[in-house]
Amino acid sequence: MANPDPNPTPQSAMKTSIPSIHAAFSKQANPPAAPKPTKATTKTNQYKPDPSKPAPNPRHLALALHHAHLLQARKDTESLILSTIESLLSYPTAPCPPFSAQNPSPTDTAAVKRALLPFQPSDYDNLILERNIDGRCGYVLCPDEHRKEDPKAKYRVVWGAKGSGPGGRGREMRVVPKEDIERWCSDACAERAMYVRVQLIERPAWEREGKEGLEILLLEEGRRRRERNLAKGKEVLREIETGDVEESMRRLAVADKRLEAQEGEAGLEGEMGRLTVSDAEEARIRDGRDALAMERGDVGSMPRLGDGGRVGVDIFEKDPGAGADVQAPSLQSENLHGGSIEGFQPSQHAGNARQSSETDDDNADDDDMLPTI
């Protein structure tokens, strides 16, 4: 008989005893330690050119690198525009009581002009849409909220000011979609925003040249510049009417000298280039005019080939020759019975005359009849 185990383990009657549960949680809480990483036995494979394959064309490599730079520039520009739209959602940053959409802060105005330089009209539309979603007016320098129309209506009738109707009478009536009205807080902000939009360049920023500059003006700035130009024009007209021509000419001479000093040699080279192009264009037009005149046969533009600008041509009557005797026509015996035409006797074939029949009249009648409808 085998000896019993001197240290028997107690057997629990329950399948899920406390010691077993504690042991299970201990295993989960203390997982086995991960094995220490061993030294890598493999080395990183380095690219080695295959001597059997031909070397790549340097021109193809340069072209691929150029396209890669263009794609990277497009990607960077798009990310810049997206971040700019996110930053312009919080504009205007200046407090609204001293400033407004009609009189914005100079700091905000300069920042918005600088931020909108790489924008396209489609990017500007996205900015307006994002501001509307945020509950703001679509004009970036307006602190007010956008208008909210009846959600059940799709269109709205808008009446213009007095005298805006046909012939300056009555009021203009327009049917406008609800989305176009909800973009702005007022019609004045809509006019300001569209004035900025029409100044943006359609070409993407990554395709523009460095010389292609853009100056964005606000609606109020454009109106002030227009009034200033009109005032200058009225002043010049007034000076001319009053007879102060010498003062006007002196101002023009001073302005020309100042302009020449600013332009310098670069302006002179540009003017010479334009003169060269204009001379070549005039020469091309002159050659085409001369060719057209030559084709038409104009006397003034054709070379002098003879009297009156034409080639001299002499027309003489043909001389039959002194030795040839001309015989007068004589009556021949075969022409007594007639039937000949200047000596030619047509042949007569008996029995070949066409026999007329009654059916010929019927066929003629059928041909003359019009098709009945």
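FYI, the numbering for the sequence shown is 1 to 373, going by full-length UniProt numbering.
We treat Cβ as the ideally placed atom computed from N, Cα and C, and that holds for glycine.
In the DSSP annotation of this structure, the continuous segment of the beta strand (DSSP E) that includes P177 starts and ends at 171-177. With respect to Q120, I201 sits close: the two C-beta atoms are nearer than 8 Å. Secondary structure of W206 (DSSP, three-state): helix.
The region 169-177 and the region 84-94 do not touch, with fewer than three beta-carbon pairs separated by less than 8 Å. R226 and L65 have their C-alpha atoms roughly 48 Å apart.
The beta carbons of Y124 and C189 sit about 14 Å from each other, so the pair does not count as a contact at 8 Å.
The beta-carbon separation of C96 and R147, rounded to 18 Å, does not stay under the 8 Å limit for a contact. Between L70 and I128, the alpha-carbon positions lie close to 28 Å from each other. A distance of 8 Å or more separates the beta carbons of L217 and R192. In this structure, the beta-carbon distance from V112 to L141 falls below 8 Å. Following the DSSP letters along the chain, one finds Y139 in no beta strand (DSSP E), marked with neither H nor E. DSSP places K148 in the coil class of the three-state scheme, outside both helix and strand. DSSP lists no beta-bridge partner residue for F316. At a Cβ-Cβ threshold of 8 Å, V176 and R203 do not count as neighbours. By the beta-carbon neighbour count (other beta carbons within 10 angstroms, threshold 16), V158 is exposed. In the same chain as K178, and ignoring 5 residues on each side of it, the C-beta atoms closer than 7 Å to its own belong to E149, A153, K154, Y155, R156, in chain order.
For R156, the beta-bridge partners assigned by DSSP are V176. Within the same chain, Cβ atoms closer than 8 Å to the Cβ of G160 are found at R171, E172, M173, R174, the five residues on either side in sequence being excluded.
Not a single unbroken stretch of the beta strand (DSSP E) spanning 3 or more residues falls wholly within the region 90-133. Taking a C-beta distance under 8 Å as the contact criterion, D108 and P118 do not qualify as a contact pair. Minimum Cα-Cα distance from P106 among the listed residues E221, S79, V326, E281 corresponds to E221.
Here the C-alpha atom of R131 lies approximately 23 Å from the C-alpha atom of A205. Considering only T77, P151, N103, the residue with the shortest C-alpha distance to A115 is T77. Across the structure, A55 and H67 are spaced so that their CA atoms are roughly 21 Å apart. For K162, DSSP records a beta bridge to R171. Secondary structure note for V196: its alpha helix (DSSP H) is the uninterrupted segment 187-197. Each residue's CA atom was taken as its position, placing V198 and K75 some 25 Å apart. By the C-beta density criterion, R284 is exposed, having fewer than 16 other C-beta atoms within 10 angstroms. In this chain, the alpha helix (DSSP H) harbouring Q72 covers 58-88. Taking all protein chains shown into account, R238 has fewer than 16 neighbouring C-beta atoms within 10 Å of its C-beta and is therefore exposed.
Apart from sequence neighbours up to five positions away, no residue of its chain approaches K318 with a beta-carbon distance below 7 Å. Just so you know, the alpha carbons of P346 and S330 end up roughly 20 Å apart. Assigned with DSSP and collapsed to three states, I201 falls in coil, not helix or strand. With fewer than 16 other CB atoms across the displayed protein chains lying within 10 angstroms of its CB, P51 is exposed. In this structure, the alpha-carbon of G297 lies about 26 Å from that of F316.
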